[in-house]
Amino acid sequence: MCQHFVTHSYPNHVEHAVIRERDQLRRQEECDLHTQEQQRERVRNLEQGTKAAEYREREMLTWIADWDEQMTYKNQQLKRRNYEIELKDREIEAKDHQIYQLRKELYQACLESQAFPTDEATSSSEAMEVACDCIESHEGRKATSGDEQERVKNITVSVAK
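Right under this line is the structure:
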């Protein structure tokens with residue numbers, strides 16, 4: 001009887017072990033499938049995230065390139081404008097030098113013609129005014145109004161003092 005019981009229960013015990021092993025394998029397969037699905041989902045998310053990041057990076061690079069192009073254009077405009085200003089400054093300096101030379105020549109011409117007396121105390125601006133008045137009078141552009149003639153006399157007298 002004992003033997004019958006053992007033989008009879010042995011297959012039952014093996015059957016339960018096989019069922020447990022199958023259940024365990026099935027659960028492991030389900031777990032593996034779930035893990036694989038999670039991994040696939042992570043890969044998809046990473047790919048989408050990577051694509052989104054690449055898209056954002058392209059957008060940012062495009063924006064930077066556009067901004068750089070605009071700044072380069074503005075920089076070129078500023079350089080052109082600075083160059084134009086520099087040219088104007090040179091023209092003004094050249095004209096100032098010409099004016100200085102002409103005034104110097106006028107002053108020298110008046111000195112040589114002794115149109116007005118010189119004095120150490122005479123300021124250069126007064127001397128220039130008198131020299132200019134002197135040249136105007138030599139060119140036939142004498143002052144016609146009494147006030148203008150009086151001004152020339154006063155300058156001449158103040159220069160002489």
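Residue numbers (the UniProt record's numbering): 1 to 161.
Where a beta carbon is used, it is the ideal one built from N, C-alpha and C, also for glycine.
Beta carbon proximity, residue i to chain B, threshold 8 Å
i: Q28; result: No chain B appears in the structure shown, which is made up of a single protein chain.
For residue j and residue i, the rounded distance between their alpha carbons
i: R42; j: G49; result: 10 Å
i: T7; j: H16; result: Below a pLDDT of 50, predicted positions are generally treated as unreliable, and T7, at 49, falls in that range; no measurement from the model is reported.
i: K107; j: Q101; result: Residue identity check: residue 107 is Tyr in the sequence provided, not Lys. When rounded, the distance between both Cα atoms is 10 Å.
i: R27; j: Q38; result: 16 Å
i: E86; j: A65; result: 31 Å
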